[in-house]
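Quick notes on the structure that follows.
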Amino acid sequence: MTMKLSNNTILITGGTSGIGLELVRQFYELDNTIIVVSSNQNNLMQAKAQFPKIEILVYDLGNSLSVQELIEKCLFEYKDINIVINNAGIQNNYTWTDEKDGYIKIENEIRVNFTSPMQIIYGLLPLLTTKQNSTIINVSSGLAFVPKKSAPIYCATKSAIHSATKALRYQLENTTVKVFEIIPPLVETAMTVGRGTGKISPKQLVDEFLRNFKNDTFESNIGKTKLLRFIHRILPKLADSIMKNG
Ligand SMILES: NC(=O)c1ccc[n+]([C@@H]2O[C@H](COP(=O)([O-])OP(=O)(O)OC[C@H]3O[C@@H](n4cnc5c(N)ncnc54)[C@H](OP(=O)(O)O)[C@@H]3O)[C@@H](O)[C@H]2O)c1
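Under this note's numbering, think of the first position of the sequence shown as 106, with each following residue one higher.
Spelled out as structure tokens, the structure:
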């Protein structure tokens with residue numbers, strides 16, 4: 106059975122900005138119930154002003170206690186969740202030899218981008234496996250395959266998301282839970298202000314993803330990511346040099 110696009114109950118992290126906000130917009134217009142999580146009450150209120158029927162929850166994915174509380178809240182108050190979208194993410198750019206707060210930054214970036222999304226999946230699987238039709242959608246990056254020098258931890262967390270998403274897809278293949286991955290190229294969002302050229306809009310990304318989602322294409326290589334992965338397979342050194350200073 107392919108995923109239906111309407112009448113789902115969707116939990117999405119980081120739905121207040123960029124790619125997440127556009128996912129909220131499009132799923133909202135398709136008549137889904139949406140629960141948006143972010144760490145910032147004001148950002149959530151702004152999202153709710155645009156999409157009045159969304160539920161908003163303030164939880165910090167950089168804090169493991171907060172993630173436990175989010176999971177408990179969903180298990181007891183939002184038992185209808187059948188789609189979990191792990192979209193929230195941060196990218197720290199710094200030179201390690203010049204950085205004073207490396208210990209804390211390394212830990213936080215891994216937690217927000219990898220540990221918390223994995224714990225949210227683990228914690229909510231009891232809800233998902235009891236539904237007829239349920240889905241996990243993880244957001245990785247083209248940088249999962251070819252890193253850039255300014256963001257070692259970010260790139261590593263995205264490789265980790267990619268690998269874990271694939272392995273979980275194998276684990277869950279005999280259940281009702283489908284596991285999707287969105288692999289974006291450079292997208293015009295707050296995360297990429299002042300960086301790079303040739304960005305696509307969040308709308309272009311979500312339009313392409315939804316076409317794949319409808320067809321049960323589990324790995325969505327969006328836009329230029331298709332070309333990047335092709336070059337990486339046949340000319341890996343060229344891919345490395347293209348992405349190194351990206
Ligand atoms: N933009 C790109 O070019 C690009 C490319 C590849 C992959 N991606 C991935 O796409 C996803 C979305 O990125 P974006 O570009 O849309 O970024 P963005 O505009 O900066 O949005 C990031 C979202 O994550 C939330 N967030 C950040 N830290 C959080 C925390 N500690 N707890 C809870 N929520 C938190 C933010 O909400 P609050 O600030 O309200 O907490 C915001 O809603 C990320 O996983 C990113 O790695 C982006």
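For each residue, glycine too, the CB sits at the ideal point set by N, CA and C.
Computed from a prediction, not measured in an experiment: that's the story for all the values here.
Taking the CB atoms as reference points, tell me whether residue i and residue j lie closer together than 8 Å.
{"i": "residue 356", "j": "residue 187", "result": "Residue 356 lies beyond the range of the chain shown here (106 to 351); nothing can be said about it."}
{"i": "residue 225", "j": "residue 172", "result": "yes"}
{"i": "residue 176", "j": "residue 310", "result": "no"}
{"i": "residue 234", "j": "residue 281", "result": "yes"}
{"i": "residue 108", "j": "residue 283", "result": "yes"}
{"i": "residue 178", "j": "residue 162", "result": "yes"}
{"i": "residue 267", "j": "residue 249", "result": "yes"}
{"i": "residue 244", "j": "residue 194", "result": "yes"}
{"i": "residue 216", "j": "residue 264", "result": "no"}
{"i": "residue 258", "j": "residue 211", "result": "yes"}
{"i": "residue 154", "j": "residue 121", "result": "no"}
{"i": "residue 253", "j": "residue 349", "result": "yes"}
Kindly examine ligand 2 and report whether one of its heavy atoms sits closer than 7 Å to the Cβ of residue i.
{"i": "residue 296", "result": "Judged by which ligands are present, ligand 2 is missing from the structure shown, whose ligands are ligand 1."}
Excluding the five sequence neighbours on either side, which residues of its own chain have a C-beta within less than 8 Å of the C-beta of residue i, listed in chain order?
{"i": "residue 133", "result": "139, 156, 158 and 159"}
For residue i, which residues in the same chain have their Cβ closer than 6 Å to its Cβ, ignoring the five residues on either side in sequence?
{"i": "residue 329", "result": "290"}
{"i": "residue 222", "result": "191"}
{"i": "residue 144", "result": "165"}
{"i": "residue 142", "result": "118, 162 and 164"}
{"i": "residue 273", "result": "284"}
{"i": "residue 189", "result": "116, 229 and 241"}
To which residues of the same chain is residue i closer than 7 Å at the C-beta, ignoring the five residues directly before and after it?
{"i": "residue 334", "result": "250 and 326"}
{"i": "residue 213", "result": "167"}
{"i": "residue 207", "result": "201"}
{"i": "residue 304", "result": "291, 292, 293 and 297"}
{"i": "residue 344", "result": "251, 333, 336 and 337"}
{"i": "residue 308", "result": "127"}
DSSP state of residue i, grouped into three classes?
{"i": "residue 251", "result": "coil"}
{"i": "residue 287", "result": "strand"}
{"i": "residue 140", "result": "strand"}
{"i": "residue 293", "result": "coil"}
{"i": "residue 239", "result": "strand"}
{"i": "residue 317", "result": "helix"}
{"i": "residue 266", "result": "helix"}
Taking only runs that begin and end inside the stretch 147-220, name each unbroken beta strand (DSSP E) of 3 or more residues, in chain order.
-> 160-163 and 188-191
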